[in-house]
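Enquirer: The opening residue of the sequence shown carries number 992 in our numbering; numbering runs sequentially from there.
Ideal placement from N, C-alpha and C gives every residue a C-beta, glycine not left out.
Please read all numbers here as calculations on a predicted model, not as lab measurements.
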Amino acid sequence: MSNIVSRTVEVCVFKMEEDGPKYLLLKRSLDDSLYPGMWQLVTGTMKEGEHAVKAAVREFREETGLEVARCWVVPYVNSFYVAANDMVHVSPLFAVEVDPQDQVRLSTEHQEYGWCSLEDARLRLVWPGQRHGLQIVDEYIVGKQEASRLLSLSV
992 MSNIVSRTVE
1002 VCVFKMEEDG
1012 PKYLLLKRSL
1022 DDSLYPGMWQ
1032 LVTGTMKEGE
1042 HAVKAAVREF
1052 REETGLEVAR
1062 CWVVPYVNSF
1072 YVAANDMVHV
1082 SPLFAVEVDP
1092 QDQVRLSTEH
1102 QEYGWCSLED
1112 ARLRLVWPGQ
1122 RHGLQIVDEY
1132 IVGKQEASRL
1142 LSLSV
């Protein structure tokens, strides 16, 4: 029987501009052994005993060099199966809003970044789980539905 683990977190980063929200996507380094050159949300691994919220904020800061303006837990958990270790992975999703003036400083894990419209981000993302998570962030968090107020985090 496959084991179920939760060792990763994902963060959908956005900023508000005059023409609407822009979503940050990161392009993995070509030297990366896993999915080189793939566009993704901020994605990272939790340290042993680390709380998912703390891991999400840490990974966000390490991978982007940005600071959190506002943060939310998103009512969505991405899941994926890895055949090599016969494990189902579940990954909580968080949303972070940043100041539109702040500048991204990439870690060595990534070679490029882009601030994308919702449609462009959906086209660049490879995995359906990340596309679905992005859509939920756009609708419930950026769209300022009641969930946005209820799911806000202090970090």
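Do you know offhand how far V1081's Cα is from E1009's?
Expert: 35 Å
Enquirer: Can you pull the DSSP bridge partners for Q1031?
Expert: L1017
Enquirer: According to DSSP, is R1124 helix, strand or coil?
Expert: Looking at the sequence provided, one finds Gly at residue 1124 rather than Arg. If DSSP states are grouped into helix, strand and coil, G1124 belongs with the helices.
Enquirer: In the DSSP assignment, the alpha helix (DSSP H) including R1049 goes from what residue to what residue?
Expert: Segment A1043 to T1055, the alpha helix (DSSP H) holding R1049.
Enquirer: Can you have a look at Q1094 and say buried or exposed, based on whether 16 or more other CB atoms are within 10 angstroms of its CB?
Expert: exposed
Enquirer: Under 9 Å between the Cβ atoms of F1085 and L1017?
Expert: no
Enquirer: Suppose the cutoff is 6 Å on Cβ atoms and the five residues either side in sequence are ignored; what does the same chain contact list for L1057 look like?
Expert: V1089 and D1093
Enquirer: If you pair each beta-carbon of the stretch 1117 to 1134 with each one of the stretch 1096 to 1107, do three or more pairs fall below 8 Å?
Expert: Between the stretch 1117 to 1134 and the stretch 1096 to 1107 there are fewer than three C-beta pairs closer than 8 Å, too few to call the two in contact.
Enquirer: Let's see if you can read the secondary structure: which residues bound the alpha helix (DSSP H) around L1141?
Expert: E1137 to L1141
Enquirer: In the DSSP assignment, find the unbroken beta strand (DSSP E) run with E1008 in it and report its ends.
Expert: T999 to E1008
Enquirer: Look up A1074 in the DSSP assignment and say whether it is helix, strand or coil.
Expert: helix
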